[in-house]
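So the structure is just underneath, and the comments pick up after that.
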């Protein structure tokens, strides 16, 4: 375990030595941004819309007292989506979609000796292949989280108003009342950390794949599992560090 | 000229290469033959630096590959060419992009050139 963590940090260190030209990275980062960002947009929007809808219905179901005004439902929905559902649950989905794709792509390159070919050419394969993925992930994931937040609240609005749980005015009032800007800052800090963890861990697992096609599948599964565990641990630590009074 | 000196490599408890030495002179074709699993690929990978030998040295025109700084290693590597067993073509790129790849990444040559 300790050896594995050490190897991971050495891998991260290799990203920043003997880099290629800016032009090379620019092209690669743009390609990765399209693949990561545009490729995940539909899934993120779909999941977060339904997450918002379900959160609204379930919150309303639990608010049985007449003393609690209806707008509290959308307040709860807002806090849940911004603080937890958009950055963390989407990170789990992100690990499943983007992380597994990174790990299997690099794993396949490893077993077909494409990474060795880069090394023989004198190219730092870690930096050439992994750094653009991490940079693109750091750029695109916070945007996906913002989109997830918007879609989640929109999903909640639709579910709440179409079923008559809450009036449109109450929903909007609840979203705007007692708003604390730091929750958004906190969500964005989390999104940057999660983006780095998912991209770096998945790339690490893929990069060190050994064997054949079966091992690529194993690496891909390990990448998702390890990324999700790292995201959950980081989630707790960040909440403890930034939200505890 | 490539000179290898007492290269030894073992994986876990299995010794694959034991004190292999030789000289590969410029302009002369050299042949390494042996039964499957005897370490031909491991030897080649040790020569190009993909696998670090446990013992021994590799010299490229007198320059000690494993004893060199990273910059010198990269310089030496850019003089190498290796055809891999499985081809190792970048399958996400087309033939033209594969051929162009080293020129695109390692030089500042414009696309038209």
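Chains as they are written, first to last, in our numbering: chain A, -14 to 230; chain B, 99 to 211. The beta-carbon is built from N, C-alpha and C at its ideal position, and this holds for glycine as well.
message: Is the beta carbon of residue 59 of chain A closer than 8 angstroms to that of residue 160 of chain A?
response: In this structure, residue 160 of chain A places its C-beta atom within 8 angstroms of the C-beta atom of residue 59 of chain A.
query: Cβ of residue 87 of chain A less than 8 angstroms from any chain B Cβ?
result: No, its Cβ sits nowhere closer than 8 angstroms to a Cβ of chain B.
Residue closest to residue 111 of chain B, alpha-carbon to alpha-carbon, out of B:152, B:207 and B:122: Closest in alpha carbon position to residue 111 of chain B, among B:152, B:207 and B:122, is B:152.
field: C-beta neighbour in chain B for residue 198 of chain A, strict 8 angstroms
entry: Residue contact with chain B for residue 198 of chain A: absent (no Cβ-Cβ distance below 8 angstroms to any residue of chain B).
- prompt: So, using beta-carbon positions, are residue 32 of chain A and residue 71 of chain A closer together than 8 angstroms?
  reply: Their beta carbons are not under 8 angstroms apart, which means residue 32 of chain A does not touch residue 71 of chain A by this criterion.
message: Residues of the segment 155 to 184 of chain B in Cβ contact with chain A at a cutoff of 9 angstroms, in chain order, please.
response: Listed by position, the residues of the segment 155 to 184 of chain B near chain A (Cβ gap below 9 angstroms) are 168, 169, 171, 172, 173, 174, 175, 176, 177, 178, 179, 180, 182, 183 and 184.
query: Over what stretch of residues does the alpha helix (DSSP H) that includes residue 79 of chain A continue unbroken?
result: Its alpha helix (DSSP H) spans residues 75 to 79.
- request: Would you mind telling me which residues of chain B sit closer than 8 angstroms to residue 108 of chain A, beta carbon to beta carbon, in chain order?
  value: What residue 108 of chain A touches in chain B: 203 and 204.
message: For residue 146 of chain A and residue 186 of chain A, what's the separation of their Cα atoms in angstroms?
response: A straight-line Cα-Cα distance of about 41 angstroms links residue 146 of chain A and residue 186 of chain A.
query: For the candidate residues B:172, B:123, B:107 and B:162, whose alpha-carbon lies nearest to that of residue 117 of chain B?
result: Of B:172, B:123, B:107 and B:162, the residue nearest in Cα terms is B:107.
query: Pick from A:223, A:114 and A:104: whose alpha carbon is nearest that of residue 148 of chain B?
result: Closest by alpha carbon: A:104.
task: Leaving aside the five residues before and after residue 145 of chain B along the sequence, list all residues of the same chain whose C-beta is less than 7 angstroms from its C-beta, in chain order.
output: 100, 102 and 156, listed in sequence order.
- request: Report the neighbours of residue 234 of chain A on chain B: residues whose CB is nearer than 7 angstroms to its CB, in chain order.
  value: The structure shown does not extend to residue 234 of chain A, since chain A is modelled only from -14 through 230, so no value can be given for it.
query: With a Cβ-Cβ cutoff of 8 angstroms, do residue 177 of chain A and residue 228 of chain A count as a contact?
result: No, these two residues do not count as a Cβ contact at 8 angstroms.
task: Would you please verify whether the beta carbon of residue 105 of chain A is less than 8 angstroms from any beta carbon of chain B?
output: With respect to chain B, the C-beta atom of residue 105 of chain A has a partner C-beta closer than 8 angstroms.
message: Does residue 167 of chain A pass the burial test, meaning 16 or more other C-beta atoms within 10 Å, or should it be called exposed?
response: Counting other Cβ atoms within 10 Å of its Cβ, residue 167 of chain A stays below 16 and is therefore classed as exposed.
- prompt: Is the CB of residue 69 of chain A under 8 angstroms away from at least one CB in chain E?
  reply: Any reference to chain E falls outside this structure, whose protein chains are A and B.
query: On the three-pair Cβ rule with 8 angstroms, is the segment 2 to 16 of chain A touching the segment 107 to 125 of chain A?
result: Yes, the segment 2 to 16 of chain A touches the segment 107 to 125 of chain A.
field: Buried versus exposed call for residue 207 of chain B [16 or more other C-beta atoms within 10 Å across all chains shown]
entry: So residue 207 of chain B counts as exposed.
task: Could you work out which residues of chain A lie near residue 200 of chain B, taking near to mean beta carbons separated by less than 8 angstroms?
output: Correct list: 106.
field: Any C-beta of chain A under 8 angstroms from that of residue 188 of chain B
entry: It does; some Cβ of chain A falls within 8 angstroms.
message: Within 8 angstroms of any Cβ in chain B, is that where the Cβ of residue 102 of chain A sits?
response: Put simply, the CB of residue 102 of chain A is near chain B, with a gap under 8 angstroms to one of its CB atoms.
query: Over what stretch of residues does the beta strand (DSSP E) that includes residue 158 of chain B continue unbroken?
result: Boundaries of the beta strand (DSSP E) around residue 158 of chain B: 153 to 158.
field: Cβ-Cβ distance between residue 180 of chain A and residue 67 of chain A below 8 angstroms
entry: Their beta carbons are not under 8 angstroms apart, which means residue 180 of chain A does not touch residue 67 of chain A by this criterion.
- request: Check the Cβ-Cβ distances between residue 148 of chain B and every residue of chain A, and say whether any is below 8 angstroms.
  value: With 8 angstroms as the cut-off, residue 148 of chain B counts as an interface residue toward chain A.
field: Simplified DSSP state of residue 0 of chain A, which is helix, strand or coil
entry: In the three-state reduction of the DSSP assignment, residue 0 of chain A falls in the coil class, being assigned neither a helical nor a strand state.
message: Assuming the contact rule is C-beta atoms closer than 8 angstroms, residue 92 of chain A and residue 205 of chain A should be a hit. Round their C-beta distance to whole Å, please.
response: By a beta-carbon distance limit of 8 angstroms, residue 92 of chain A contacts residue 205 of chain A. Their separation comes to about 7 angstroms.
task: Run down chain B in chain order and give the residues with a C-beta less than 7 angstroms from the C-beta of residue 99 of chain A.
output: Scanning chain B for C-beta atoms nearer than 7 angstroms to the C-beta of residue 99 of chain A yields 186 and 188, reported in chain order.
- prompt: Given a threshold of 16 other Cβ atoms within 10 Å of its Cβ, counted over all protein chains shown, does residue 121 of chain A qualify as buried or as exposed?
  reply: Under the 10 Å beta carbon count, residue 121 of chain A is surrounded by 16 or more other beta carbons and is classified as buried.
query: Should residue 9 of chain A be flagged as near chain B, meaning a C-beta pair shorter than 8 angstroms?
result: Output row for residue 9 of chain A: interface = yes.
- request: Kindly provide the ranges of any alpha helix (DSSP H) runs that are 4 or more residues long and lie completely inside the segment 90 to 124 of chain A, ordered along the chain.
  value: Counting only unbroken stretches of 4 or more residues, the alpha helix (DSSP H) elements lying wholly within the segment 90 to 124 of chain A are 99 to 105, in sequence order.
query: From what residue to what residue does the beta strand (DSSP E) around residue 122 of chain B run?
result: First-last of the beta strand (DSSP E) with residue 122 of chain B: 112 to 122.
- request: With DSSP as the reference, please indicate the residues paired to residue 106 of chain B in a beta bridge.
  value: Beta bridge pairing from DSSP links residue 106 of chain B with B:153.
query: I think residue 133 of chain A touches residue 182 of chain A, with their Cβ atoms under 8 angstroms apart; what is that distance to the nearest whole Å?
result: With a contact defined as Cβ atoms closer than 8 angstroms, residue 133 of chain A and residue 182 of chain A miss out at about 17 angstroms.
- prompt: Can you round the beta-carbon distance between residue 102 of chain A and residue 182 of chain B to whole angstroms, since I take them to be within the 8 angstroms contact cut?
  reply: Between residue 102 of chain A and residue 182 of chain B the beta-carbon gap is near 6 angstroms, inside 8 angstroms, which marks them as a contact.
- prompt: Applying the criterion that 16 or more other CB atoms from any shown protein chain within 10 Å of the CB defines a buried residue, is residue 136 of chain B buried or exposed?
  reply: Here residue 136 of chain B is exposed. Its C-beta has fewer than 16 other C-beta atoms within 10 Å.
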